[in-house]
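Visitor: The structure's right below; bear with me while I get my questions together.
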Amino acid sequence: GRGPIAAHSMGPFFLDYAHQSYPLSHFQKHRYLSSGLLHGSFLHLFMNLRAMLSLPSWLEDGIGKGLYLTAYLTAIVTGNIAHTVSTIGDLSGRAAGSLCIGASGGICGLYGLMLASLMKMGNDSAVSVVLKQMLWLLAFGFLVPNVSNAGHVGGFLGGWLIGYLFGPGYERSYTLNRIGGGRDHADFEFRQMMGPGVYPSM
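So for the sequence shown, the working numbering puts the first residue at 183; every next one is plus one.
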């Protein structure tokens, strides 16, 4: 049998909340969100937890927990929508009928949120790092079976859209920059990302 790491939880609870492009999620819309709270194995859960913990603290502390959570949950939904769209035209019906679970769409959304914030800050070097990380993730998805790259891209775009529409804007204060940041109360890591003299404008 399967060991504890590879064992899949295919009980009634799992089947009631996992995402399936058709027919289940077509009739039960809650699956677009609830599936992001489920994981197929301890290894699956561990990998997603590790990915979340690797995100910089400034993303949550500097931008705000409300926006952070909104981007995460929105990205789970947009990731599942993208996965559903990617199964349209599947003649075998295998892709549309497969179950889709996991928080990776939401995590990709947090990377999208980070990208939107860095773009607003004008931190081009950090923007390129985030984009490279996403390219590596997509490459990983092509090499490993049963990974939804469409879900990752959809989640990333959903998080980016939340950050672009509702994230703080940034402006440069030359006065505060000149006095050496003596009145700067920003989180240290957040300040490193924004650069000297750059402050949230809202």
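We treat Cβ as the ideally placed atom computed from N, Cα and C, and that holds for glycine.
Mind checking His208: buried by the 16 CB within 10 Å criterion, or exposed?
Guide: The residue in question, His208, is exposed, as its Cβ has fewer than 16 Cβ neighbours within 10 Å.
Visitor: Following the continuous alpha helix (DSSP H) through Ile258, name the residue where it begins and the one where it ends.
Guide: 247-268
Visitor: Pick out whichever of Pro238, Ser203, Asn230, His265 has its Cα sitting closest to the Cα of Val311.
Guide: Pro238
Visitor: Does DSSP classify Leu227 as helix, strand or coil?
Guide: helix
Visitor: Report the three-state DSSP secondary structure of His201 (helix, strand or coil).
Guide: strand
Visitor: Just mark Gly218 as buried or exposed, buried being the case when its beta carbon has 16 or more other beta carbons within 10 Å.
Guide: buried
Visitor: Rounding to the nearest angstrom, what Cα-Cα distance links Thr266 and Leu320 in this structure?
Guide: 18 Å
Visitor: In the DSSP assignment, find the alpha helix (DSSP H) that holds Gln315 and state where it starts and stops.
Guide: 306-325
Visitor: Between Ser307, Leu297, Gly336, Val335, which lies nearest to Gly349 when the distance is taken from Cα to Cα?
Guide: Comparing Cα-Cα distances from Gly349 to each of Ser307, Leu297, Gly336, Val335, the minimum goes to Leu297.
Visitor: Measure the C-alpha to C-alpha separation of Ser203 and Gly333 and round it to an integer number of angstroms.
Guide: Those two C-alpha atoms are separated by around 12 Å.
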